[in-house]
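Heads up: the structure comes next, in structure tokens.
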Amino acid sequence: MPTILAIESSCDDTSAAIVADGVVLSNVTAGQAIHEEFGGVVPEHASRAHQRNIVPTVAVALRRAGIAAEDVDAVAFTRGPGLIGSLMVGVSFAKAFALARDLPLIEVDHMMAHVLAHFAEDPAPEFPYLCLTVSGGHTQLVVVHSALEQEIIGRTIDDAAGEAFDKSGKMLGLSYPAGPEIDKLARQGQARVTFAKPDPGGLDFSFSGLKTSILYTLQKKLKTEPDFVVDNLPDICASIQHTIVAILLRKLTMTAEQTGLTRIALAGGVSANSGLREGLTELAKEKGWTVFIPRIEYCTDNAAMIGVMGTFKYAAGEFVGQEVAPAARF
Ligand code: KG4
Ligand code: ZN
Numbered sequence: 039m040p041t042i043l044a045i046e047s048s049c050d051d052t053s054a055a056i057v058a059d060g061v062v063l064s065n066v067t068a069g070q071a072i073h074e075e076f077g078g079v080v081p082e083h084a085s086r087a088h089q090r091n092i093v094p095t096v097a098v099a100l101r102r103a104g105i106a107a108e109d110v111d112a113v114a115f116t117r118g119p120g121l122i123g124s125l126m127v128g129v130s131f132a133k134a135f136a137l138a139r140d141l142p143l144i145e146v147d148h149m150m151a152h153v154l155a156h157f158a159e160d161p162a163p164e165f166p167y168l169c170l171t172v173s174g175g176h177t178q179l180v181v182v183h184s185a186l187e188q189e190i191i192g193r194t195i196d197d198a199a200g201e202a203f204d205k206s207g208k209m210l211g212l213s214y215p216a217g218p219e220i221d222k223l224a225r226q227g228q229a230r231v232t233f234a235k236p237d238p239g240g241l242d243f244s245f246s247g248l249k250t251s252i253l254y255t256l257q258k259k260l261k262t263e264p265d266f267v268v269d270n271l272p273d274i275c276a277s278i279q280h281t282i283v284a285i286l287l288r289k290l291t292m293t294a295e296q297t298g299l300t301r302i303a304l305a306g307g308v309s310a311n312s313g314l315r316e317g318l319t320e321l322a323k324e325k326g327w328t329v330f331i332p333r334i335e336y337c338t339d340n341a342a343m344i345g346v347m348g349t350f351k352y353a354a355g356e357f358v359g360q361e362v363a364p365a366a367r368f
């Protein structure tokens, strides 16, 4: 089994990991605080920050793993989906590192890697399992037949769950990304404001209607109570979180029933949400499901999951040449 250097740079986190024989030896992530002041990720800033961070991040990942560059057997990298300028930095670094040492290159799909984040720690789920992937850019229900055979059977038709957190937080004047702050404030409040739970039917999700419902509800309240948002911030956050979690768990339940799967996994940045983690744990007790929720460092964007998927692809002999370039689908 190989020692893999893994690189992730799809959005605003520069991450490098060493995964040896499928075991994560190090996982180092440099975030980018610069986006907070703009209320969202600014692609131009993101790619520049990746360019500054990539070499030091890889150096720390090697050092923490106790590995020299010469000990690396293959380089795995996120090819997409993601911001093109951000991906360019990670892909170019991976190609240069591999070219200099004549190492095989392994392309990794960022979303498929999120689904395999569970293999970064014990116990990993047995195949097949059902994974709800909830991030800033995606919301998907995935039947994981095997590591490399993942079937998306439900998805959002508009905004992602993370976007719903971030955009509603923006309305409340919270800084980007608002998900973690809504989570924190929600713990001090009660979910007593009712918002719409849009449903496009089947196993798909919709979150854009929720944003409109929050906006109209708040505008109506502010007409008679000008301090409504300031006075009730924890309750409003608890209500937003409660609504998003209810939408997610409703479709997850339908999918589990339709597929008959009882091993249920969470993945993506929103799986760090305490309301979702608790809600799923409760539901699992009622339904008799076995639940897999990754540690927070493996929920949000990280290179360990890229190294995990890289290990599966190495075993399957799936490599790419130096002509590879970032792509949304491949
Ligand atoms: O997977 P991720 O790190 O990056 C993408 O690939 O998008 O997910 C980032 C998303 C953001 O929308 C952020 O607000 C959300 O995950 N997030 C949370 C929490 N922590 C991160 N949302 C709700 N509660 C949290 N605790
Ligand atoms: Zn992600």
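In this note's numbering, the protein residues as written are 39 to 368. The C-beta atom is built at its ideal place from N, Cα and C for all residues, glycine as well.
C-beta atoms of Leu137 and Gln360 nearer than 8 Å = Taking the first residue of the sequence shown as 1, we reach residue 137 at position 99. Taking the first residue of the sequence shown as 1, we reach residue 360 at position 322. The answer is yes: Cβ separation under 8 Å.
request  = With DSSP collapsed to three states, give me the class of Arg225.
outcome  = Translated into the one-based positions of the sequence shown, residue 225 becomes position 187. Note: Arg225 maps to coil in three-state DSSP.
query = How would you call Pro264, buried or exposed, if buried means at least 16 neighbouring beta carbons within 10 angstroms?
reply = Start at 1 with the first residue of the sequence shown, and residue 264 comes out as number 226. Answer is exposed; the Cβ neighbour count stays below 16.
query = Using the C-alpha atoms, what's the distance from Leu43 back to Ser312?
reply = Indexing the sequence shown from 1 puts residue 312 at position 274. Indexing the sequence shown from 1 puts residue 43 at position 5. Computed Cα separation, rounded: 31 Å.
Contact check, Arg193 vs Asp147, beta carbons under 8 Å = Your numbering for residue 193 matches position 155 in the sequence shown. Your numbering for residue 147 matches position 109 in the sequence shown. Their beta carbons are not under 8 Å apart, which means Arg193 does not touch Asp147 by this criterion.
key: 4-residue-minimum alpha helix (DSSP H) runs that sit fully inside the segment 82-144, ordered along the chain   = 122-139
inquiry  = For a test of your reading of the model: does the CB of Gly307 fall under 7 Å from any non-hydrogen atom of the ligand ZN? Yes or no.
reply    = Locating residue 307 in the sequence shown gives position 269, counting from the first residue. For the ligand ZN, at least one heavy atom lies less than 7 Å from the Cβ of Gly307.
message = Looking at the secondary structure, which residues open and close the alpha helix (DSSP H) in which Leu371 lies?
response = What the structure shows of the chain is the stretch from 39 to 368, and residue 371 is not part of that stretch, so it cannot be assessed.
For Cys275, the residue or residues it bridges with in DSSP = Indexing the sequence shown from 1 puts residue 275 at position 237. Answer is none; Cys275 lacks a bridge partner.
inquiry  = Looking at the ligand ZN, does it come within less than 7 Å of Ser173, judged from the CB to the closest heavy atom?
reply    = Numbered from its first residue, the sequence shown carries residue 173 at position 135. Yes, since a heavy atom of the ligand ZN falls inside the 7 Å radius drawn around the Cβ of Ser173.
Ser64 - containing beta strand (DSSP E), residue span = Along the sequence shown, one-based indexing puts residue 64 at 26. Run containing Ser64: 61-68, per the beta strand (DSSP E) assignment.
task = Measuring alpha carbon to alpha carbon, tell me which of Ile122, Val110, Asn91, Gly60 ends up nearest Glu82.
result = As a position in the sequence shown, residue 82 is number 44, starting the count at 1. Answer by Cα proximity: Ile122.
request  = Using beta-carbon positions only, say whether Pro186 and Leu179 come within less than 8 Å of one another.
outcome  = Translated into positions along the sequence shown, residue 186 becomes position 148. Translated into positions along the sequence shown, residue 179 becomes position 141. Looking at the sequence provided, one finds Leu at residue 186 rather than Pro. No, the Cβ-Cβ distance between Leu186 and Leu179 is not below 8 Å.
message = Beta-carbon within less than 8 Å of Thr291's beta-carbon, same chain only, minus the 5 sequence neighbours each way: which residues are those?
response = The residue labelled residue 291 in the question sits at position 253 within the sequence shown. Within the same chain, Thr291 has close Cβ partners Leu321, Lys325.
query = Among the residues of its own chain, which have a CB less than 8 Å from the CB of Glu159, if the five just before and after it don't count?
reply = In the sequence shown, the residue the question calls residue 159 occupies position 121. Once the five neighbours on either side are set aside, the close Cβ partners of Glu159 are Val62, Pro332, Arg333, Tyr336.
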